[in-house]
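Counted the way full-length UniProt numbering counts, the sequence shown spans residues 1 to 477.
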Amino acid sequence: MDVLLVILQAAVVLGAIVMGVRTGGIGLGLWGVAGTLVLIFVFRLAPGSPPVDAFFIVIAVITAASAMQAAGGIDYLVSIASRIIQANPSRLTYVAPLVAFAFTALAGTSNIFFALIPVIYETAYRNGQRPERSLAAATVTSALGITASPVSAAMAAYLVLASPFSLVQILSITIPAAIVACLVTSFVQQRIGKELLDDPEFLKRVEAGKVEMPAVLVAQQTARAEAVAGGAPHGKAARQAKKAAAAVPAGSEKILHEVPPGGAVSAWIFVVAIIAVVLMGLFPALRPAFPNADGDLVAIGMSPVIEMFMFTAALVIILVRKVPPADVMKQPLLSSGIVAAIALFGIAWMADTFISANKTTIVDPLGDLVTAVPILLAVALFVMAGLTTSQSATTNTIVPIALAAGMPIGVITAMWPSLVGVWLFPANGSQIAAVETDRTGSTRLSSVPIWHSFTIPMLVSWVSAVAAGLLMSLVIR
């Protein structure tokens, strides 16, 4: 009978997640709360602990980010990223993923990546490169920035769960692991797909007039034809063609991002607040200490520190840049942040209610399985992220099971970047935007939902990030 009840409760939890994903937006969080209601009132489970700290960390961070956006700070960050990407066209497949990762980690949201998609595409296209290589790799690695950001919604959830593992310890694992994953992914991705002149889809689009062949490829095509006509072997003809193309200047026009006056100031206020948060985590002595129940002095936790510094940063931006508070409320980042906060709150509350009530029946056996085969945690995180497309919801659903099983927090942290599985299905805005932006047709989806241009870089990033993270966890304890 107990097993049947647990199965029914699990069906409620999974059903709420599935319905939340189908509803979209704040629906994920609302369905989570509805599932909690059913668990409490129908199955009479004791209410779990709502993630209050994590909820307010997200609200604080997104308020500061929205104030920065209203003051033009996001435009300033995008302009910097754009200049870096366009300054290194020959190394685009390596530069774009690193830039996408770094700026997502800095901003705490992958929304900043949308503005970089046309920059990456145009830089690749003008230089005769296959856009799929850099576009798909950068799209995937931008998700690694979420688990390497001190101010992302997923980090807010994980930081509360992982206590007393500090923010600095978490970042000491996830940041190096992500950088390794970016480099390995770029190395593999550089060898994916045919060159544009050998891609039948691109040539078909050129012939149909849907896309114009850039000057670099025209020169390469001409040189290749002349070499072949002269009797040169195919390999030699290809080398001669590349040499001829290298002599042709790529498109000199740069994609410029206009930065409103004061945008740089607002961005730096936000960055200074992030640096202050990291320093507080790195040096606990900087935080005020107060006596606990035993009379011992204990520094205040990082959750209120993040909340205070982020809310204060928002206020400073509003005052310094004279941003009308009403404008902050209109920013796209704020609405997306509210969605993330509600999703985190609802799913985390439901998961904690279910897990706390079924520790002996389901959590312990699953914990034993994960302990015996630790890599299963990475698989669970990867698959759940793909199903929910929410890093924070996945964190709150899967991580508590591993914690309850007594798995070392360093190992859990090493596997946490498995949230890159959000790209498993082509259901994210960044994936769709990348496909639609690439007029050459090299970045594409397929009739098989899990096989698309992002599949290989996603799998490579996943494996390399977890492997590097596990190595780091041997040092960071």
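Ideal Cβ positions, reconstructed from N, Cα and C, are used throughout, including at glycine.
- Taking I409 as the centre and dropping the five residues before and after it, the same chain places the C-beta of A162, F165 and L403 closer than 8 Å to its C-beta, in chain order.
- Rounded to the nearest angstrom, the gap between the Cα atoms of S336 and I347 is 16 Å.
- According to DSSP, V298 shares a beta bridge with F290.
- By the Cβ test, the stretch 409-424 is in contact with the stretch 371-383, since at least three Cβ pairs between them sit closer than 8 Å.
- Selection V206, D198 and K204 evaluated against R224 yields D198 as nearest (Cα-Cα).
- Each of F425, L369, D364 and D352 was checked against the Cα of G386, and the nearest Cα belongs to F425.
- Taken through DSSP and simplified to helix, strand or coil, T443 comes out as coil.
- If you keep only unbroken beta strand (DSSP E) runs of at least 3 residues inside the stretch 315-383, you get nothing at all.
- Counting only the Cα atoms, A273 lies some 37 Å from A16.
- Judged by their CB atoms, L315 and N396 are not nearer to each other than the 8 Å cut-off.
- Where M280 is concerned, the enclosing alpha helix (DSSP H) starts and stops at G263 to L282.
- Put simply, the stretch 102-116 does not touch the stretch 184-197. Fewer than three CB pairs are less than 8 Å apart.
- In the displayed model, F165 falls within coil according to three-state DSSP, outside both helix and strand.
- Taking all protein chains in view, the Cβ of I7 is surrounded by fewer than 16 other Cβ atoms within 10 Å, so the residue is classified as exposed.
- Distance between L183 and N127, taken at the CA atoms: about 21 Å.
- In this structure, T63 is the residue among T36, L37, T63 and D2 with its C-alpha nearest to the C-alpha of P332.
- CA-to-CA, the gap between A393 and V475 works out to about 28 Å.
- I120 is positioned such that its CB atom lies no closer than 8 Å to that of A87.
- By the neighbour-count definition (other C-beta atoms within 10 Å, threshold 16), P131 is a buried residue.
- Your pair L39 and T353 checks out as a contact, with CB atoms roughly 5 Å apart and the cut at 8 Å.
- In the DSSP annotation of this structure, the continuous segment of the alpha helix (DSSP H) that includes M458 starts and ends at T455 to S473.
- Taking C-beta separations shorter than 6 Å and ignoring five residues to either side along the sequence, the partners of A81 in its chain run V99, F103 and L116, following chain order.
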